[in-house]
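Residue numbers (our numbering), protein chains in the order written: chain Z, 6 to 257; chain F, 259 to 485.
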């Protein structure tokens with residue numbers, strides 16, 4: 006499909022002999038918000054980390070099959086380039102503790118040895134923090150350490166850091182599980198705004214969050230993609246009994 | 259069972275208790291009508307408050323479950339259906355009370371001949387049976403039985419449609435029967451509504467069990483399982 010930004014074709018992941026993601030086929034469209042849910046150990050985070058080739062950083066971890074980004078297999082591309090094109094935000098906010106807010110935003114460029122003029126950096130910092138709905142709150146304290154911010158602000162700083170690299174896709178691995186409800190709400194509101202310019206894939210254990218923020222939801226169970234459908238369909242009338250059992254809490 | 263399953267089981271029991279009460283109200287109103295027993299009719303009017311209490315309690319329970327358990331999928335559909343069935347049952351309870359009120363207000367008893375000619379008793383029995391079968395369908399999650407309700411409601415509609423003619427004939431034969439004939443016509447109209455409420459309930463049962471929406475479908479298509 007023309008609108009497809011990322012597509013998994015018979016994608017499999019392994020930790021040694023342990024087959025954790027099994028033959029996943031999925032197409033994700035531009036500017037969609039996708040929620041990925043499933044019980045612990047179902048392979049959802051491993052699948053996510055396979056998309057931007059972070060899975061292979063773990064010793065003994067391998068994968069098979071294809072992840073196509075704009076039609077090109079990421080496993081045929083330079084891994085650093087892939088990770089720049091596919092940003093990632095983790096469960097716990099992880100701003101670089103020794104860097105200022107300003108430096109955190111442009112850290113991706115600094116770490117990759119890309120030199121930018123002061124004017125370019127200023128523009129990237131303002132634009133990224135504005136996109137992450139943080140600019141107004143920090144514009145007068147850009148040179149303070151990122152760790153001075155609240156948990157929710159730190160997570161939005163990490164989102165700004167991902168946005169600064171102008172990715173096509175941003176992956177979120179349980180991005181609000183360490184946040185309080187107010188910070189969670191501000192990050193969720195941000196998802197809606199980011200959707201205009203980016204495609205988001207969010208792994209979450211919070212089913213209500215999946216229901217609130219996503220257009221489509223994928224349900225993983227024991228490494229298999231059991232169901233992938235419109236979120237409204239999934240939460241009102243799921244097609245697979247395993248999905249229904251999981252979302253209604255009747256999973257044994 | 260999960261806490262939500264416990265809540266839903268309790269809610270289902272409560273709805274069934276309300277259903278039994280409403281059926282009993284309808285049966286007593288019928289008995290009061292046939293026997294022209296004003297005391298029994300007054301009992302129905304007093305017990306109508308219990309039906310209303312059930313409605314309020316079930317509404318509140320649904321609200322609490324929505325707020326505390328965030329139900330999804332079949333649980334969500336059950337709660338949405340429960341809210342609507344609750345309203346349908348309350349309205350059916352109102353119908354029983356209205357019939358009882360006619361008995362209390364009527365100065366004369368209902369002539370057996372008019373009851374016979376209008377098929378009122380047959381209609382009444384079928385209306386109660388339909389309501390009873392919707393309850394069975396709800397208890398057993400039996401969508402085949404629920405679908406059969408749509409067709410059976412046609413019997414009530416047919417009696418309702420022919421009522422003006424049979425009532426007019428009775429009045430023509432004896433003008434003195436006019437007041438009671440009008441009461442009988444009103445009761446027939448009310449019983450037709452019992453059929454409608456039961457059909458609405460049947461639609462909710464199918465929605466809850468199969469996630470299929472039959473509302474606003476043509477009556478003939480509703481009875482088919484692939485609707």
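Ideal placement from N, C-alpha and C gives every residue a C-beta, glycine not left out.
Problem - Contacts of residue 328 of chain F in chain Z (Cβ-Cβ under 9 Å) - result: Sequence index remark: in the second chain, residue 328 of chain F carries index 70 (1-based). Neighbours of residue 328 of chain F on chain Z, chain order: 212, 213, 216.
Exercise for the section: Reducing DSSP to helix, strand and coil, say where residue 125 of chain Z ends up. Expected result: Residue numbering aside, residue 125 of chain Z sits at position 120 when the first chain is read from its first letter. The answer is helix: DSSP assigns residue 125 of chain Z an H, G or I state.
Practice task
Please confirm if residue 124 of chain Z has its CB atom under 8 Å from at least one CB of chain F.
Solution key: Here residue 124 of chain Z corresponds to residue number 119 of the first chain, with the count starting at 1. Not one chain F Cβ lies under 8 Å of residue 124 of chain Z.
Exercise for the section: Would you check if the distance between the CB atom of residue 38 of chain Z and the CB atom of residue 53 of chain Z is smaller than 8 Å? Expected result: Residue mapping note: residue 38 of chain Z aligns to position 33 of the first chain, counting from 1. Residue mapping note: residue 53 of chain Z aligns to position 48 of the first chain, counting from 1. Not closer than 8 Å, so no.
Problem - Simplified DSSP state of residue 203 of chain Z, which is helix, strand or coil - result: Here the question's residue 203 of chain Z lines up with position 198 in the first chain. In the structure shown, residue 203 of chain Z sits in coil (DSSP, three-state: anything other than H, G, I, E or B).
Handout entry: Burial state of residue 259 of chain F (16 or more Cβ within 10 Å)
Key = Residue numbering aside, residue 259 of chain F sits at position 1 when the second chain is read from its first letter. Flag for residue 259 of chain F reads exposed.
Problem - One or two residues paired with residue 135 of chain Z in a DSSP bridge - result: Residue mapping note: residue 135 of chain Z aligns to position 130 of the first chain, counting from 1. DSSP lists no partner for residue 135 of chain Z.
Practice task
Indicate whether residue 236 of chain Z and residue 247 of chain Z have their beta-carbon atoms separated by less than 8 Å.
Solution key: Taking the first residue of the first chain as 1, we reach residue 236 of chain Z at position 231. Taking the first residue of the first chain as 1, we reach residue 247 of chain Z at position 242. Cβ distance not < 8 Å, so residue 236 of chain Z and residue 247 of chain Z don't count as in contact.
Practice task
Indicate whether at least one CB of chain F lies closer than 8 Å to the CB of residue 40 of chain Z.
Solution key: In the first chain, counting from the first residue as 1, residue 40 of chain Z sits at position 35. So no, residue 40 of chain Z is outside the interface.
Handout entry: Residues near residue 367 of chain F by beta carbon distance below 6 Å, same chain, minus five either side
Key = The residue given as residue 367 of chain F occupies position 109 in the second chain. Here the set comprises 294.
Exercise for the section: From the DSSP output, in three-state form, read off residue 242 of chain Z for me. Expected result: Here residue 242 of chain Z corresponds to residue number 237 of the first chain, with the count starting at 1. Coil.
Practice task
Give the range of the beta strand (DSSP E) segment to which residue 229 of chain Z is assigned.
Solution key: Along the first chain, read from residue 1 onward, the residue named residue 229 of chain Z stands at position 224. Segment 229-235, the beta strand (DSSP E) holding residue 229 of chain Z.
Exercise for the section: Kindly indicate if chain C contains any beta-carbon less than 8 Å away from that of residue 331 of chain F. Expected result: Absence of chain C from the displayed structure is noted, the protein chains being Z and F.
Handout entry: Contacts that residue 252 of chain Z makes with chain F (C-beta to C-beta distance below 7 Å)
Key = Locating residue 252 of chain Z in the first chain gives position 247, counting from the first residue. What residue 252 of chain Z touches in chain F: 330, 331.
Practice task
Taking 8 Å as the threshold, find out whether the region 455-470 of chain F comes into contact with the region 325-335 of chain F through three or more Cβ pairs.
Solution key: yes
Exercise for the section: Can you give me the Cβ contacts of residue 276 of chain F inside the same chain, cut-off strictly under 6 Å, excluding the 5 residues immediately before and after it? Expected result: Looking up residue 276 of chain F in the second chain gives position 18. Hits under 6 Å: 312, 347.
Handout entry: Closer than 8 Å to chain F by CB, residue 2 of chain Z
Key = Residue numbering for chain Z in the displayed model covers 6 to 257; residue 2 of chain Z lies beyond these limits and cannot be assessed.
Practice task
Identify every residue that forms a DSSP beta bridge with residue 362 of chain F.
Solution key: The residue labelled residue 362 of chain F in the question sits at position 104 within the second chain. Residue 362 of chain F is not bridged to any residue.
Problem - Cβ of residue 198 of chain Z within 8 Å of any chain F Cβ - result: Here residue 198 of chain Z refers to the residue found at position 193 when the first chain is read from its first residue. It does not; no Cβ of chain F falls within 8 Å.
Practice task
Could you check which residue in Z/87, Z/45, Z/145 has the C-alpha nearest to that of residue 117 of chain Z?
Solution key: Here the question's residue 117 of chain Z lines up with position 112 in the first chain. Taking only the C-alpha atoms, the option nearest residue 117 of chain Z is Z/87.
Exercise for the section: Starting from residue 367 of chain F, follow its DSSP beta bridges and name the residues at the other end. Expected result: For this step, residue 367 of chain F is matched to residue 109 along the second chain. In the DSSP output, where bridge partners are listed per residue, residue 367 of chain F has none listed.
Practice task
Could you name the residues of the same chain whose beta carbon sits closer than 8 Å to that of residue 390 of chain F, not counting the 5 residues immediately before and after it, in chain order?
Solution key: Residue numbering aside, residue 390 of chain F sits at position 132 when the second chain is read from its first letter. Excluding residues within five positions, the ones whose Cβ falls inside 8 Å are 281.
Exercise for the section: Output yes if chain F places a C-beta closer than 8 Å to the C-beta of residue 241 of chain Z; else output no. Expected result: Here residue 241 of chain Z refers to the residue found at position 236 when the first chain is read from its first residue. Yes, because at least one Cβ of chain F sits closer than 8 Å to the Cβ of residue 241 of chain Z.
Practice task
Could you work out which residues of chain F lie near residue 249 of chain Z, taking near to mean beta carbons separated by less than 8 Å?
Solution key: By 1-based counting over the first chain, the position of residue 249 of chain Z is 244. Here the neighbours are 331, 332.
Exercise for the section: For residue 255 of chain Z, return the contacting residues in chain F, with the cut-off set at a CB-CB distance below 8 Å. Expected result: Taking the first chain and counting its residues from 1, one reaches residue 255 of chain Z at position 250. Within 8 Å Cβ-Cβ: 260, 263.
Handout entry: Beta carbon proximity, residue 339 of chain F to chain Z, threshold 8 Å
Key = What you label residue 339 of chain F is simply residue 81 of the second chain in a count that begins at 1. It does not: the Cβ of residue 339 of chain F has no partner Cβ on chain Z nearer than 8 Å.
Exercise for the section: Please classify residue 27 of chain Z: does DSSP put it in a helix, a strand, or coil? Expected result: Sequence index remark: in the first chain, residue 27 of chain Z carries index 22 (1-based). Here residue 27 of chain Z sits in strand by DSSP.
Handout entry: Chain-ordered chain Z contacts of residue 469 of chain F [CB-CB under 8 Å]
Key = In the second chain, counting from the first residue as 1, residue 469 of chain F sits at position 211. The contacting residues are 241, 242.
Practice task
Establish whether the CB of residue 103 of chain Z and some CB of chain F are separated by less than 8 Å.
Solution key: Along the first chain, read from residue 1 onward, the residue named residue 103 of chain Z stands at position 98. Chain F, which has no Cβ nearer than 8 Å to the Cβ of residue 103 of chain Z, makes this no.
Practice task
Could you check the C-alpha separation between residue 263 of chain Z and residue 134 of chain Z for me, to the nearest Å?
Solution key: The displayed coordinates of chain Z run from 6 to 257. Any statement about residue 263 of chain Z would go beyond what the structure contains.
Problem - For residue 143 of chain Z, three-class secondary structure by DSSP - result: Counted from its first residue, the first chain places residue 143 of chain Z at position 138. In the structure shown, residue 143 of chain Z sits in a helix (DSSP, three-state: H, G or I).
Handout entry: Alpha-carbon to alpha-carbon, residue 238 of chain Z and residue 386 of chain F
Key = By 1-based counting over the second chain, the position of residue 386 of chain F is 128. By 1-based counting over the first chain, the position of residue 238 of chain Z is 233. Whole-angstrom Cα-Cα distance: 36 Å.
Practice task
Indicate the three-state DSSP secondary structure (helix, strand or coil) for residue 484 of chain F in the structure shown.
Solution key: Here residue 484 of chain F is taken as the residue at index 226 of the second chain, counted from 1. Confidence in residue 484 of chain F is poor, its pLDDT being 47 and thus under 50, which makes the residue's placement unreliable; the coordinate value appears in the next sentence. Coil.
Practice task
Figure out for me which residue from Z/223, Z/75, Z/155 has the closest Cα to the Cα of residue 186 of chain Z.
Solution key: In the first chain, counting from the first residue as 1, residue 186 of chain Z sits at position 181. Nearest C-alpha to residue 186 of chain Z: Z/155.
Practice task
Inspect the beta-carbon positions of residue 242 of chain Z and residue 460 of chain F and report whether they are closer than 8 Å.
Solution key: Translated into positions along the first chain, residue 242 of chain Z becomes position 237. Translated into positions along the second chain, residue 460 of chain F becomes position 202. Their beta carbons are not under 8 Å apart, which means residue 242 of chain Z does not touch residue 460 of chain F by this criterion.
Exercise for the section: Return the CA-CA distance between residue 76 of chain Z and residue 144 of chain Z, expressed in angstroms with no decimal places. Expected result: For this step, residue 76 of chain Z is matched to residue 71 along the first chain. For this step, residue 144 of chain Z is matched to residue 139 along the first chain. About 39 Å.
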